[in-house]
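Peer 1: Just so we're aligned, residue 22 is where the sequence shown starts under the numbering used here, counting upward by one.
Shown below is the structure under consideration.
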Amino acid sequence: MLLTEHRNEQQLFVRRADALSVSVIDREFTTSLLLSANTAIADFPAHTVAELDDAMIEKILALKPEVVLLGTGARAIFPSQAVLGAFLKRGIGLETMDNAAAARTFNVLVGEMRNAVALFLLPG
């Protein structure tokens, strides 16, 4: 059986992701990236989980996600209880994983028309 992938041309998707970069469609990002189905915000100010603060959380929440995927590089590094609480008290899920897993999960959720937002933390 031949399977063909059909993508909504109006949506962004991650083509490749690792600890150092993320490729969205045909553009490569080497600095932290905040991504929704239709918005890519380059040069996000945090490079590590420890740097996340209230102002950055508000930038993420401004995209009105139902779930946030936190890609933390080569391996999953969990944020503080304060960061987790900021999302949970608003009823928004926060899932922490490595960048490659966050990319795969983002593509699946966006393909299902879910309002997912991914934050890829990159060292550049």
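Even glycine gets a Cβ: it sits at the ideal position worked out from N, Cα and C.
Since the structure is predicted, the reported quantities are computational estimates derived from the model, not experimental observations.
1) Please report the residue range of the alpha helix (DSSP H) in which Glu79 lies.
2) Spatial neighbours of Ala137 within its chain, please: C-beta separation below 8 Å, excluding the five flanking residues on both sides.
3) Quick one: grab the DSSP three-state call for Leu105.
4) Run the CB neighbour count on Ala124, radius 10 Å, all protein chains shown included, and call it buried at 16 or more, exposed below.
5) Which of the three DSSP states is assigned to Phe127 in this structure?
Peer 2: Checking against the coordinates, here is how it stands:
1) Asp75 to Leu82
2) So the list reads Ser57, Ala58, Pro86, Glu87, Val88, Val89, Leu90, Thr126, Phe127, Leu130 and Val131, once near-sequence residues are dropped.
3) helix
4) buried
5) Helix.
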